[in-house]
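Enquirer: Please see the structure below; I have some questions.
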Amino acid sequence: MTEQPQPFRDPQLPFAKRVDDLLQRLTLDERIAMLHQFAPAVDRLGLGAFRTGQEALHGVAWMGPATVFPQAVGLGATWNGELVRRVGEAVGNEVRAKRAQDDRVGLNVWAPTVNLLRNPLWGRGEEGYSEDAGLTSAIAVAYTRGLRGDHPLYWRTAPVLKHWLAHNNETDRDTSSSSVRPRVLHEYDLKAFRDAVQAGAVAGVMPAYNLVNGRPNHVSPHLSQQLRAWTDRSLVVCSDAGAPSNLVDSEHYFDTHEEATAASLRAGVDSFTDHGQDSGIMTGRIRGALEQGLLDEHDIDTAVRRLLELRFSLGEFDPEDDPYANTTDFDTEEHRALALEAAEQAVVLLKNDGLLPIDPDAGHTVAVVGLLADACKLDWYSGTLIHRSTPLDGLRERFGAERVEHAEGVDLVRLKCADGWLRIPEAEPQTEAPRGAEGALDPALLAGRTDLPPLTCGETPSELALVDWGNGLITLREPDGRYLSVAEDGFVRASADEPGGWIVQETFRWEAVEGHAGGHRLLHVGTGRYVSVAADGVKVAAPGEEVSGSAALGTVFEMEVTERGEDAVARAAAAADVVIVVAGNDPHINGRETEDRTTLDLPAQQERLWRAAHAANPRAVLAVTSAYPYALTDAAATLPALLWTAHGGQAAGTALARVLAGDVSPAGRLPQTWYTSDAELPGLLDYDIIGSRQTYLYYEGAPLYPFGHGLSYGEFAYSALNAEREGDLVRVSLTVTNTGSVAADEVPQLYVRAVAPSVVRPLRQLAGHRRLHLAPGAVERIDFLVPFTDLGHWDVAHGRWTVDPGAYEIQAGASSADIRLVTVVEIDGEPSGPRPVLVRGLEAADYDEQLGTEIVDRTKTDGDAVTAVDERNELLYRRCGFGAGVRGAEVLASGEGAVLLTAGGTTVTVPVAATEGPYDYRTVQAALNASGTGDLRITLRGTVRLARIAFTGDSE
0 MTEQPQPFRD
10 PQLPFAKRVD
20 DLLQRLTLDE
30 RIAMLHQFAP
40 AVDRLGLGAF
50 RTGQEALHGV
60 AWMGPATVFP
70 QAVGLGATWN
80 GELVRRVGEA
90 VGNEVRAKRA
100 QDDRVGLNVW
110 APTVNLLRNP
120 LWGRGEEGYS
130 EDAGLTSAIA
140 VAYTRGLRGD
150 HPLYWRTAPV
160 LKHWLAHNNE
170 TDRDTSSSSV
180 RPRVLHEYDL
190 KAFRDAVQAG
200 AVAGVMPAYN
210 LVNGRPNHVS
220 PHLSQQLRAW
230 TDRSLVVCSD
240 AGAPSNLVDS
250 EHYFDTHEEA
260 TAASLRAGVD
270 SFTDHGQDSG
280 IMTGRIRGAL
290 EQGLLDEHDI
300 DTAVRRLLEL
310 RFSLGEFDPE
320 DDPYANTTDF
330 DTEEHRALAL
340 EAAEQAVVLL
350 KNDGLLPIDP
360 DAGHTVAVVG
370 LLADACKLDW
380 YSGTLIHRST
390 PLDGLRERFG
400 AERVEHAEGV
410 DLVRLKCADG
420 WLRIPEAEPQ
430 TEAPRGAEGA
440 LDPALLAGRT
450 DLPPLTCGET
460 PSELALVDWG
470 NGLITLREPD
480 GRYLSVAEDG
490 FVRASADEPG
500 GWIVQETFRW
510 EAVEGHAGGH
520 RLLHVGTGRY
530 VSVAADGVKV
540 AAPGEEVSGS
550 AALGTVFEME
560 VTERGEDAVA
570 RAAAAADVVI
580 VVAGNDPHIN
590 GRETEDRTTL
600 DLPAQQERLW
610 RAAHAANPRA
620 VLAVTSAYPY
630 ALTDAAATLP
640 ALLWTAHGGQ
650 AAGTALARVL
660 AGDVSPAGRL
670 PQTWYTSDAE
680 LPGLLDYDII
690 GSRQTYLYYE
700 GAPLYPFGHG
710 LSYGEFAYSA
720 LNAEREGDLV
730 RVSLTVTNTG
740 SVAADEVPQL
750 YVRAVAPSVV
760 RPLRQLAGHR
770 RLHLAPGAVE
780 RIDFLVPFTD
790 LGHWDVAHGR
800 WTVDPGAYEI
810 QAGASSADIR
820 LVTVVEIDGE
830 PSGPRPVLVR
840 GLEAADYDEQ
850 LGTEIVDRTK
860 TDGDAVTAVD
870 ERNELLYRRC
880 GFGAGVRGAE
890 VLASGEGAVL
900 LTAGGTTVTV
910 PVAATEGPYD
920 YRTVQAALNA
930 SGTGDLRITL
940 RGTVRLARIA
950 FTGDSE
């Protein structure tokens with residue numbers, strides 16, 4: 000007689016029944032253990048170990064060699080969902096292939112990042128897709144569908160969206176609070192997550208480190224009220240690394256870790272990423288919360304159920320039925336070709352006065368110069384390169400090495416101190432693999448090299464290549480070799496292939512010494528200590544250690560410049576017919592996770608390089624390779640051609656060369672606005688895109704380059720725009736014709752605008768886009784289906800999504816500022832009417848406009864309140880319906896001070912006596928006379944936190 004399998008092992012049963020069976024077989028301790036990122040095996044049931052979290056933002060990251068695709072912002076610049084879906088599929092297959100060889104590789108992938116690129120100074124802008132929620136969600140849907148696969152039951156990988164919610168600053172990221180008004184929340188920040196989740200290829204989300212409206216994201220009520228209301232599918236919420244502990248340690252939101260852990264679990268967090276692979280601390284906190292009655296077993300079972308459903312969907316219990324179990328696609332010809340295609344499609348032509356393309360058959364010589372001319376930069380979430388193509392490589396291959404000049408543009412320097420010249424001892428040929436090549440569950444723990452001799456001082460100087468990356472940060476390296484770096488033993492060595500690591504050990508500051516003409520000290524940024532010369536080598540002084548007489552101050556150096564970078568660039572440019580200046584950033588310096596940018600300006604050294612190149616040869620192209628926008632106002636006015644691409648992965652150089660040569664007509668489009676200067680930006684912590692007029696949606700100035708901008712070598716005509724209502728949709732059609740002489744891609748963009756809105760609405764908002772490839776003379780008729788609801792907004796007056804009746808422009812064009820065709824549709828319906836304040840009262844956060852206030856948490860579990868951050872403050876609520884008249888108001892507030900209510904030309908002061916803490920709300924009544932429809936203005940005094948106001952009418 001054949002033994003029947005345990006029900007949870009029976010693939011004929013639905014997942015829900017199998018999960019029920021397995022859940023009841025697990026002991027309480029086994030269930031608790033599953034709530035940590037590193038869940039141990041349960042040998043008695045034959046369950047293997049499982050971990051949440053495998054980084055896969057633009058390729059398999061942290062686990063050694065993999066195909067490296069363009070950065071996420073570069074994928075966003077393709078405006079091509081079909082391409083990005085194929086990238087996601089390739090990445091998912093490589094995750095599976097690497098998993099078969101290395102069980103450290105996880106199938107629960109933490110990607111993509113759907114935080115919106117609201118402010119270009121955000122350090123992690125490279126990880127997002129766009130400043131527009133619709134484009135972000137479209138690209139995210141494509142990527143997650145590729146990662147997930149198309150099998151109805153089993154998933155290739157299980158994508159988790161990052162980072163929930165309203166997270167756009169690295170400065171104080173674990174303690175700062177994003178003040179997000181309801182309209183911005185519903186129309187902007189939630190939208191990017193919502194559309195991706197509803198598309199059905201998302202397995203969960205990761206909460207961000209920050210707080211929103213005074214409440215940490217890891218205890219956000221929106222996890223249950225919004226996220227899990229969007230789908231019937233189980234979603235897993237994985238904490239960000241260390242964030243559970245932050246609730247007590249840095250945010251001080253809870254007094255004990257047991258309270259914090261219980262609160263986050265009850266709010267919806269299922270998997271705790273904390274204390275690395277040591278699960279004992281977090282599981283101990285969960286047991287403590289149980290013992291204190293802060294949790295019950297149902298709370299634990301709810302989270303474990305979601306995690307088990309995830310594991311079942313990944314085929315863990317059905318290896319013979321899992322269609323992805325035997326995937327071997329890794330570094331295939333198809334993946335390499337796709338990496339090149341993605342890099343080509345990500346290139347954005349910003350300006351072209353006819354210099355481009357450069358005909359490879361015309362015999363031109365080309366100079367490629369600049370700090371990134373021979374670089375293929377990686378970021379924190381990249382895999383290890385198997386293949387590598389720099390702009391220099393690509394141009395030599397395409398134009399012929401004999402026709403390509405090169406100058407990097409570094410300053411060549413020597414450093415001298417009292418003990419002699421700084422020198423790099425000769426070392427044996429490299430035997431160690433590049434840092435991270437072997438893979439690491441936590442690359443932040445990778446150590447620097449100590450097998451090479453430290454620097455010394457002596458009679459013979461070593462020439463060093465100096466790069467000033469801006470903001471006072473420099474790197475030093477051998478002219479054709481390794482960067483100076485500091486390992487754990489404190490010695491300075493020429494040991495790093497590139498700057499990198501969680502704490503970069505390859506950056507320094509060159510600080511002038513007062514009273515010492517030409518004297519400088521070299522501050523090592525990673526340790527915060529000065530470089531000093533000691534008998535056993537050059538090192539940074541450990542705290543309290545005396546090195547060369549002074550641990551605190553370090554050695555004084557003088558610098559001798561043997562060649563200025565701009566001189567070398569000018570020579571190369573003058574010797575060529577065309578010069579390509581490749582500028583940009585190193586993704587580990589001045590703008591990355593943990594570090595926001597301070598300016599949009601191109602670093603001064605790179606500014607000097609393009610000016611020197613142009614002075615020597617006016618046929619100069621600036622190719623910017625960067626993770627974010629720059630304010631290139633002078634360059635745009637001076638140079639005949641500019642391009643931008645994000646760091647393009649392994650095929651970046653080949654892709655750029657093919658675009659420059661005209662093999663590919665560029666058709667990337669900017670996924671975010673490029674501003675003219677820092678003065679155009681609001682504060683980094685200002686999340687109110689409506690009030691401060693941020694992004695292309697509300698920005699009223701003239702940007703350097705607008706959202707959606709990108710030129711082509713081709714020419715296209717738009718015609719026959721038509722829009723008509725079809726039930727709950729607006730069908731929009733238009734014709735695009737290639738009127739030029741080259742085959743090329745075009746990206747027609749569809750925008751909508753409310754003609755006479757009742758509230759502040761976007762100047763225009765992306766409603767659709769399509770990337771087309773058209774041969775010369777080809778004509779294509781394209782359709783867009785715009786959901787009726789996409790014309791609406793969050794109506795704070797009535798607490799609902801509303802589509803106002805009236806006229807809406809449908810605009811078609813090549814960018815948000817290059818609108819070619821406009822038509823109008825009329826939407827019928829009843830207007831919303833005045834705020835029903837007598838019926839609904841007034842939530843303080845539901846204002847129309849504000850000045851000098853911020854939104855805070857009403858309680859630790861739910862609700863918003865508003866408090867003043869400036870003595871000059873005001874809240875404005877338009878069109879309040881007071882009816883036949885009100886005679887009183889009831890103010891719900893905490894703190895101490897006063898609430899000033901102004902309606903109908905009369906101001907009433909409502910004193911608020913001191914309450915017992917910020918969450919101790921009291922109701923205070925006051926007389927208020929108002930009638931009809933009018934505005935209400937509120938001013939807050941003292942520490943008052945205003946939650947809501949109710950009104951009493953004359954009939955009550």
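Number 176 in numbering that gives the first Met the number 0 belongs to position 177 of the sequence shown; there are no gaps in the numbering. Note that the Cβ used here is the ideal one computed from N, Cα and C, for glycine as well. Quick caveat, the model's predicted, so the values are computed rather than measured.
#1: Could you please give the first and the last residue of the uninterrupted alpha helix (DSSP H) stretch that includes R30?
#2: Judging by CA-CA distance, which residue of A640, R50, T653 and L451 is the nearest neighbour of E427?
#3: Rounded to the nearest angstrom, how far is the Cβ of Q924 from that of E889, given a contact under 8 Å?
#4: Once DSSP output is grouped into helix, strand and coil, what is the label at M62?
#5: At the level of alpha carbons, what is the spacing between P958 and I818?
#6: If you follow the alpha helix (DSSP H) that N584 is in, where does it begin and where does it stop?
#7: Starting from T901, follow its DSSP beta bridges and name the residues at the other end.
#8: Assuming A864 and L945 form a contact by the criterion Cβ under 8 Å, report the distance between their Cβ atoms to the nearest whole angstrom.
#9: Report the CB separation of A630 from L599 in whole angstroms; it is logged as a contact under 8 Å.
#10: List the endpoints of the continuous alpha helix (DSSP H) containing N245.
#11: So who's on the other strand from R476, going by DSSP bridges?
#12: Please work out which residues of its chain come closer than 8 Å, Cβ to Cβ, to M205, disregarding the five sequence neighbours upstream and downstream, and give them in chain order.
#13: Can you tell me whether V729 is buried or exposed, with buried defined as 16 or more other CB within 10 angstroms of its CB?
#14: In three-state DSSP terms, what is I299?
#15: What are the start and end residues of the beta strand (DSSP E) that includes G767?
#16: For I280, which residues of its own chain have a beta-carbon under 8 Å away from its beta-carbon, when the five flanking residues on both sides are left out?
#17: What runs of the alpha helix (DSSP H), each 4 residues or longer, lie entirely inside the segment 381–419?
#18: What are the boundary residues of the alpha helix (DSSP H) that includes H256?
#19: Where does K538 land, buried or exposed, given buried means 16+ other C-beta within 10 angstroms?
#20: Kindly provide the ranges of any alpha helix (DSSP H) runs that are 4 or more residues long and lie completely inside the segment 291–348, ordered along the chain.
#21: On the DSSP bridge assignment, give the partners of P786 in chain order.
#22: Measure from the alpha carbon of Y142 to the alpha carbon of each residue in E88, D373, L641 and Y697, then state which is nearest.
#23: On a Cα-Cα basis, can you pick out the residue from E487, L874 and H256 that is closest to L289?
#24: Could I get the ranges of all uninterrupted beta strand (DSSP E) runs contained in the segment 851–901, with 3 residues as the minimum, in chain order?
#25: How about E186 and P670: do their beta carbons lie closer than 9 Å?
#26: What first and last residue would you give for the alpha helix (DSSP H) that runs through I138?
#27: Which same chain residues, not among the five before or five after R402, have their C-beta less than 8 Å away from its C-beta?
#28: Give a yes or no on whether the C-beta atoms belonging to Y323 and G47 are separated by under 9 Å.
#29: Helix, strand or coil for L164? Go by DSSP, reduced to three states.
#30: What residues in its chain sit with their C-beta under 7 Å from that of G941, if we drop five residues either side in the sequence?
#31: With distances taken Cα to Cα, identify the nearest neighbour of N79 among F311, V346 and G590.
#32: Going by DSSP in three states, W793 sits in which element: helix, strand or coil?
#33: How about D28 and Q5: do their beta carbons lie closer than 9 Å?
#34: Within 8 Å, do at least three Cβ pairs link the segment 58–71 to the segment 306–324?
#35: Quickly, what does DSSP pair I781 with across the bridge? List them, please.
#36: Judging by CA-CA distance, which residue of H613, A76, G707 and D803 is the nearest neighbour of V367?
Expert: Concretely, from the data shown:
#1: One-based indexing of the sequence shown puts residue 30 at position 31. In this chain, the alpha helix (DSSP H) harbouring R30 covers L27 to A32.
#2: For the purposes of this step, residue 427 is identified with residue 428 of the sequence shown, where counting begins at 1. Checking every option, the nearest Cα to that of E427 belongs to L451.
#3: Within the sequence shown, residue 924 is the residue found at index 925, counting from 1. Within the sequence shown, residue 889 is the residue found at index 890, counting from 1. Your pair Q924 and E889 checks out as a contact, with CB atoms roughly 5 Å apart and the cut at 8 Å.
#4: Reading the sequence shown from its first residue, position 63 is the one you call residue 62. In this structure, M62 counts as coil in the three-state DSSP scheme.
#5: Because the chain is modelled from 0 through 955, residue 958 falls outside the range shown and cannot be assessed.
#6: As a first step, residue 584 is located in the sequence shown; it is residue number 585 there, counting from the start. From DSSP, N584 is part of no alpha helix (DSSP H); its letter is neither H nor E.
#7: Translated into positions along the sequence shown, residue 901 becomes position 902. Paired residues: T906 and R936.
#8: Within the sequence shown, the letter at position 865 stands for residue 864. Within the sequence shown, the letter at position 946 stands for residue 945. About 6 Å separates the Cβ atoms of A864 and L945, confirming a contact at the 8 Å cut-off.
#9: Counting from 1 along the sequence shown, the entry for residue 630 is found at position 631. Counting from 1 along the sequence shown, the entry for residue 599 is found at position 600. Taking the Cβ atoms as the reference, A630 lies roughly 4 Å from L599, within the contact range of under 8 Å.
#10: Within the sequence shown, numbered from 1, the residue matching residue 245 stands at position 246. Element bounds for N245: A242 to D248.
#11: Counting from 1 along the sequence shown, the entry for residue 476 is found at position 477. In the DSSP assignment, R476 forms a beta bridge with A464 and Y482.
#12: Indexing the sequence shown from 1 puts residue 205 at position 206. Answer for M205: W109, V159, L160, K161, H162, W163, V236, C237, S238 and D239, listed in chain order.
#13: Taking the first residue of the sequence shown as position 1, residue 729 is located at position 730. Buried, because 16 or more other Cβ atoms sit within 10 Å of the Cβ of V729.
#14: As a first step, residue 299 must be located in the sequence shown, where it is residue number 300. Three-state result, I299: helix.
#15: As a position in the sequence shown, residue 767 is number 768, starting the count at 1. Residues Q764 to H768.
#16: In the sequence shown, residue 280 corresponds to position 281, counting from 1. In the same chain as I280, and ignoring 5 residues on each side of it, the C-beta atoms closer than 8 Å to its own belong to D273 and H274, in chain order.
#17: Inside the segment 381–419, DSSP marks whole alpha helix (DSSP H) runs of 4 or more residues at positions 390–398, from first to last along the chain.
#18: Numbered from 1 along the sequence shown, position 257 holds the residue referred to as residue 256. H256 to A266 is the extent of the alpha helix (DSSP H) around H256.
#19: Stepping through the sequence shown from its first residue, residue 538 is reached at position 539. Classification for K538: buried.
#20: DSSP runs (the alpha helix (DSSP H)) wholly in the segment 291–348: 296–312 and 332–344.
#21: Counting from 1 along the sequence shown, the entry for residue 786 is found at position 787. Checking the DSSP bridge columns, you'll see P786 partnered with L728.
#22: Looking up residue 142 in the sequence shown gives position 143. Taking only the C-alpha atoms, the option nearest Y142 is E88.
#23: Along the sequence shown, read from residue 1 onward, the residue named residue 289 stands at position 290. Among E487, L874 and H256, the Cα nearest to that of L289 is on H256.
#24: Assignment of beta strand (DSSP E) within the segment 851–901, counting only whole runs of 3 or more residues, yields 852–856, 863–867 and 873–893 in chain order.
#25: Position 187 of the sequence shown holds residue 186. Position 671 of the sequence shown holds residue 670. Not in contact: E186 and P670 (Cβ atoms no closer than 9 Å).
#26: Taking the sequence shown and counting its residues from 1, the one referred to as residue 138 is at position 139. Where I138 is concerned, the enclosing alpha helix (DSSP H) stretches over A132 to R147.
#27: The sequence position of residue 402 within the sequence shown is 403, counting from 1. Leaving aside the five residues that flank R402 on each side, the residues in its chain whose CB is nearer than 8 Å to its CB run, in chain order, G362, H363, T364 and V365.
#28: Residue mapping note: residue 323 aligns to position 324 of the sequence shown, counting from 1. Residue mapping note: residue 47 aligns to position 48 of the sequence shown, counting from 1. It is not a contact, given that the beta carbons lie outside the stated cut-off.
#29: Taking the first residue of the sequence shown as 1, we reach residue 164 at position 165. Coil at L164, not helix or strand.
#30: Taking the sequence shown and counting its residues from 1, one reaches residue 941 at position 942. In the same chain as G941, and ignoring 5 residues on each side of it, the C-beta atoms closer than 7 Å to its own belong to G894, E895, G896 and A897, in chain order.
#31: As a working note, residue 79 is residue 80 in the sequence shown. Answer by Cα proximity: V346.
#32: Against the sequence shown, residue 793 aligns to sequence position 794. Collapsing the DSSP output to three states places W793 in a strand.
#33: Position 29 of the sequence shown, counting from 1, holds the residue named residue 28. Position 6 of the sequence shown, counting from 1, holds the residue named residue 5. Not a contact, by the Cβ cut-off of 9 Å.
#34: Using a C-beta cut-off of 8 Å, the segment 306–324 makes no contact with the segment 58–71, since fewer than three inter-stretch Cβ pairs fall below that distance.
#35: Taking the sequence shown and counting its residues from 1, the one referred to as residue 781 is at position 782. Per DSSP, L733.
#36: Position 368 of the sequence shown, counting from 1, holds the residue named residue 367. Nearest neighbour of V367 by Cα position, chosen from H613, A76, G707 and D803, turns out to be H613.
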